[in-house]
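Numbering (my numbering), first residue to last: 16 to 203.
Take a look at the structure below.
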């Protein structure tokens, strides 16, 4: 599976609406103000976080259970900045909507700017023919509150193209997170 270059990403975004909205170059500043970079990179795409967050809270003393998840375990925040309490986490979504081709798998890694602050970004692979907004998890591993910036880069998606088409895609399986919009909680 070869890693795809910036030329391939730009071509696929233009021809097949791979990523919407799409930024064909690396953005590092807006109106002279520095931002955490986003857009096309050498071999990937730096995704942005939308200003929709669900911050974990233990107000109701709930148990975190992926088979029976209590949505009351989160507080909704709609702002350009999200503060994650110490040793806690938040869910968010990408600003970008993805349409993954049938012969492509993506791997997503957190940006080093956040990692160097003790903030871990977790995203599962985007499978062939999956589409939607990507749900992001930010873990604050520090004993201090941590800040996440919406509309700026948070992670990088790397595209891997197979030399053959998969037999069964995410769409074929009727994947439970297909066409997700907004921050999507766990489903079984």
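We put the CB at the ideal spot given by N, CA and C, even for glycine.
Model, not experiment: these values are computed from the prediction.
Practice task
Can you tell me which of the three DSSP states residue 130 falls into?
Solution key: helix
For this session: Go through its chain and collect everything with a Cβ distance to residue 145's Cβ below 6 angstroms, but skip five positions before and after it.
Result: 115 and 185
Round the Cβ separation of residue 152 and residue 104 to the nearest angstrom and send it over; I've been treating them as touching at under 8 angstroms. 6 angstroms
Review point. Are residue 110 and residue 65 closer than 8 angstroms when you measure CB to CB?
Key: yes
message: So, does the region 196 to 203 touch the region 70 to 90, judging by three or more C-beta pairs under 8 angstroms?
response: yes
Bounding residues of the beta strand (DSSP E) (the contiguous stretch that carries residue 171)
168 to 176
Practice problem: In the DSSP assignment, find the beta strand (DSSP E) that holds residue 25 and state where it starts and stops. | Solution: That residue, residue 25, is in no beta strand (DSSP E); its alpha helix (DSSP H) goes 21 to 31.
Check: residue 167 C-beta below 7 angstroms from any heavy atom of the ligand GDP
With respect to the ligand GDP, the structure shown offers nothing to examine, as it has no ligands at all.
Closest to residue 157 by CA distance: which of 139, 132, 107 and 181 is it? 132
**Q.** Exposed unless 16 or more other CB atoms sit within 10 angstroms - verdict on residue 61
**A.** buried
As assigned by DSSP and simplified to three states, the class of residue 154:
strand
Next on the checklist: If distances are taken between C-alpha atoms only, which option among 42, 46 and 47 comes closest to residue 54?
Outcome noted: 42
Exercise for review: With a threshold of 16 other CB atoms inside 10 Å of the CB of residue 143, please say whether the residue is buried or exposed.
Suggested key: buried
Checklist entry - Alpha carbon to alpha carbon, what distance is there between residue 102 and residue 89? => result 15 angstroms
Q) If you check the beta carbons only, do residue 123 and residue 195 fall under 8 angstroms apart? A) no
Next item on the list: List the DSSP bridge partners of residue 48.
Entry: 45
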